[in-house]
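Report on the structure given below.
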Amino acid sequence: MTSDSALVLFSGGQDSATCLAFALSRFTRVETVGFDYGQRHRVELEQRGVLREGLARISPLWAERLGEDHTISIEALGAISDTALTREAEIAYDASGLPNTFVPGRNILFLAFAAALAYRRGIGSLVGGMCETDFSGYPDCRDATIRAVETALTLGMDRMLEILTPLMWIDKAATWKLAEDLGGEPLVRLIVEESHTCYLGERGKRFDWGHGCGECPACRLRAAGWEKYRAAQPSGAPS
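Under this note's numbering, the first residue of the sequence shown carries the number 908, and numbering increases by one thereafter.
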């Protein structure tokens, strides 16, 4: 495996688009992988190609570094999951405080499949948008989980594999700022227009922060981050 290559877990959302820009700024070869697990908001899969093309247009260097895209079907995950992301169900919270948008084992499976693909492709780093500061507190987004998976995959494949999580300790406002730092206004605008976050898969209405229902937890989190980000910009952020 080579240290100058990375495989980005690329869903088509705000976080993964920012992570792709992060990887393109640091590695000489960057490939992407998306997962089809029967998600309710599968429109995100359709936005992946649009975002990849947009990122390539922003920077000739990024265009040169952007490699192959892969899509892996994990239909079994959706079949065994009873969540608001894989069923037509109202978003709610259980007794532990976790929302029913939590898909048990999702990120662990994603990382395992991505690691197997990286092994075959000779890639030494995985990049993911997992983040402890999101509202959800998903246990498979916590740093301790990611580090444990990193250790297990390195041992199980007998090759050093690093998992980079550039968003782990920042909030959504800082994620918008990171996008600006990486690709300027063109990247911020691309993420606003083309990335998809809404859990309900709505892309009809366009808000200042992008398309969505405006009511689900993912939309609210993205909107709040956008407002905080804009408020911190002396000249105002692009809208």
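Where is the CB? At the ideal position from N, CA and C, for every residue including glycine.
Residue of 1083, 1014, 974, 1125 minimising C-alpha distance to residue 1140:
Comparing Cα-Cα distances from residue 1140 to each of 1083, 1014, 974, 1125, the minimum goes to 1083.
Contact belief for residue 1192 with residue 934 at Cβ below 8 Å, rounded distance in angstroms
It is not possible to answer for residue 1192, since the shown part of the chain is limited to 908 through 1146.
Applying the criterion that 16 or more other CB atoms from any shown protein chain within 10 Å of the CB defines a buried residue, is residue 1104 buried or exposed?
buried
By the three-class DSSP mapping on this structure, what secondary structure does residue 1080 have?
helix
Tell me which same chain residues have a C-beta within less than 7 Å of the C-beta of residue 936, skipping the five on either side of it?
911, 912, 972, 974
Do you know whose CA, among 1034, 1038, 1030, lies nearest residue 1067's CA?
Measuring from the Cα of residue 1067, the nearest candidate turns out to be 1030.
Exposed or buried, residue 900, counting other C-beta atoms within 10 Å across all chains shown (16 or more means buried)?
The structure shown does not extend to residue 900, since the chain is modelled only from 908 to 1146, so the question has no answer here.
Pull up the distance between the alpha-carbon of residue 1013 and that of residue 968, whole angstroms please.
32 Å
Mind checking which residues open and close the alpha helix (DSSP H) that includes residue 1020?
1013–1028
Could you pull the start and end residues of the alpha helix (DSSP H) that residue 923 belongs to?
For residue 923, the enclosing alpha helix (DSSP H) stretches over residues 921–931.
Measuring CB to CB, does residue 958 end up less than 7 Å from residue 1069?
no
For the beta strand (DSSP E) that residue 936 lies in, which residues bound it at each end?
936–943
So which of 978, 1022, 1130, 1088 has the shortest CA-CA distance to residue 1063?
1022
Does DSSP classify residue 1033 as helix, strand or coil?
strand
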